[in-house]
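The structure appears below as structure tokens.
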């Protein structure tokens, strides 16, 4: 037993970053990459789309970060009152008149603006470093993917209705687009457009129509093409660009022509799903629920044998998010198992979290789980005026926890470092609600669940639920049994069907 513990501790030991930081600090002084030495370098968490080193993360990753970071780093716990912002921390540690560098392609324009202003107020400056310094010291960086793209039908409302796999488990590909009144320019590795189906889909080999044409260009040429577009604009013509777009692209557009917006028309259109997309989302969640019912039925049978690990559980269903090998643990009957998973299907994307116990949960575990469930129900059943901001519903999820002196830092749930975590997560569709009155004809909205996976009744202290909350759980489970049960029966998956029926019995 002692040997196992020692092996586990070694596997979780922090990655030693002394040499990596030394190389990065050398690059910060190297005129090959920068005109003048810089005193700090910011590495944002996104992509294009020297005595101190600090890393900011939210509450979901506090424990993991503290275990995996060596003592060269300071962990900055976002969401805590005492945690400084990046700007304030830099101001507190930098010598006077320092220069801070960042790759302008991977920092959003609004973030650049706010950070530049804050640093300038303390006598520092923020500068663009065109050569990414992490890339400069990353010796074994993989090449950018160049797999063929696939097409979706016209029933979907994407700009191009193309899918890729450039980021693992995500149906996306690296590209830019400039949308004009009559022309759309797609900037992508042109070799990826070689398939006849893709070329036909984009009508690349047919004569351009006067009212609309699609043009393609190399991915790297977006900078010069955008410059050319801006040079051709009339005095009063504007370019819409998201304020979340990269600083590099935003600054190509002269201020006189630049119109930054929090939500572009494309972003707004993407948020509203048509009938084909809604049906696709529902089908994707049915497929996913079938897989999860199978998985949970398998876990219920196998965990008592003491041979199931986090990775073997993830391997059982490829759509599940894989845990890191170095944190792989054997699952037992004496602890909570939180599964946060999602899958990409041609017709939709899923994201679901369930918290299970395959033994006998403690009274405290059931109590905290039930508070989280009450918050989940409060948000799911909420009726609110059209136009309500999403963050205003957050207190609904927190109320039951607050009343017991508990809370969470990030995603709704309850988490105790080193002990357990509880989260219940569904994907929902915003639909019209029909309350008794319609104040000023604003209309009301509510949520319809797309995720149809049972919530484990064993984890619920039913005495803490109101009758209305019990009714919600029973109605939700009726939908799960009716919709997913029919599909499991159609596919002949008896073990999973039996599990589903057991888990969706009405709660008293």
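In our numbering, the protein residues as written are 2 to 509. Virtual Cβ for every residue (Gly too), placed ideally from N, Cα, C. Owing to the predicted nature of the structure, the values given are computational and were not obtained by experimental measurement.
Looking at the DSSP output, residue 500 shares a beta bridge with no other residue. Runs of the alpha helix (DSSP H) lying entirely within the region 345-412 and spanning at least 4 residues, in chain order: 364-381, 395-404. About 7 Å separates the beta carbons of residue 372 and residue 407, which is inside the 8 Å limit, making them a contact pair.
Per DSSP, the unbroken alpha helix (DSSP H) holding residue 224 starts and ends at 223-232. DSSP places residue 115 within a helical segment (H, G or I) once states are collapsed to three. Burial check for residue 409: the Cβ neighbour count within 10 Å reaches 16 or more, so the residue is buried. According to the DSSP assignment, residue 100 belongs to the beta strand (DSSP E) that extends over 100-103. Going by C-alpha positions, residue 380 is about 26 Å away from residue 297.
Counting C-beta pairs with one atom in each stretch, the region 216-225 and the region 187-194 have three or more that are closer than 8 Å, which means they touch. For residue 93, the enclosing alpha helix (DSSP H) has its first and last residue at 87-94. Residue 126 holds the alpha-carbon nearest to the alpha-carbon of residue 95 among 126, 374, 337. Taken through DSSP and simplified to helix, strand or coil, residue 185 comes out as strand.
CA-to-CA, the gap between residue 362 and residue 414 works out to about 17 Å. The closest CA to that of residue 76, considering only 58, 271, 39, 231, is found on 58.
Contact annotation: residue 36 and residue 248 have beta-carbon atoms that are not nearer than 8 Å.
Per DSSP, residue 427 has no beta-bridge partner at all. For residue 262, the enclosing beta strand (DSSP E) stretches over residues 259-262. Judged by pairs of C-beta atoms under 8 Å, the region 444-455 touches the region 380-400, as three or more such pairs exist.
The DSSP-derived three-state label of residue 422 is strand. The beta carbon of residue 115 lies closer than 8 Å to those of 88 in the same chain, with the five residues before and after it left out. If you ignore the 5 residues before and after residue 396, its C-beta comes within less than 7 Å of no other C-beta in its own chain.
Cβ-Cβ distances below 8 Å link residue 349 to 278, 281, 282, 283, 284, 285, 286 in the same chain, with the five nearest sequence neighbours on each side left out; the list follows chain order.
Secondary-structure assignment with DSSP links residue 217 through a beta bridge to 187. For residue 458, there is no enclosing beta strand (DSSP E), as DSSP marks it with neither H nor E.
In the DSSP assignment, residue 169 falls outside any alpha helix (DSSP H) and carries neither an H nor an E. Boundaries of the beta strand (DSSP E) harbouring residue 417: 415-417, taken from the DSSP string. For residue 139, the three-state secondary structure derived from DSSP is coil. Between residue 356 and residue 399 the beta-carbon gap is near 17 Å, outside 8 Å, which marks them as no contact.
Proximity of the region 95-108 to the region 127-137 meets the contact definition, three or more beta-carbon pairs being nearer than 8 Å. Beta-bridge partners assigned by DSSP to residue 341: 354.
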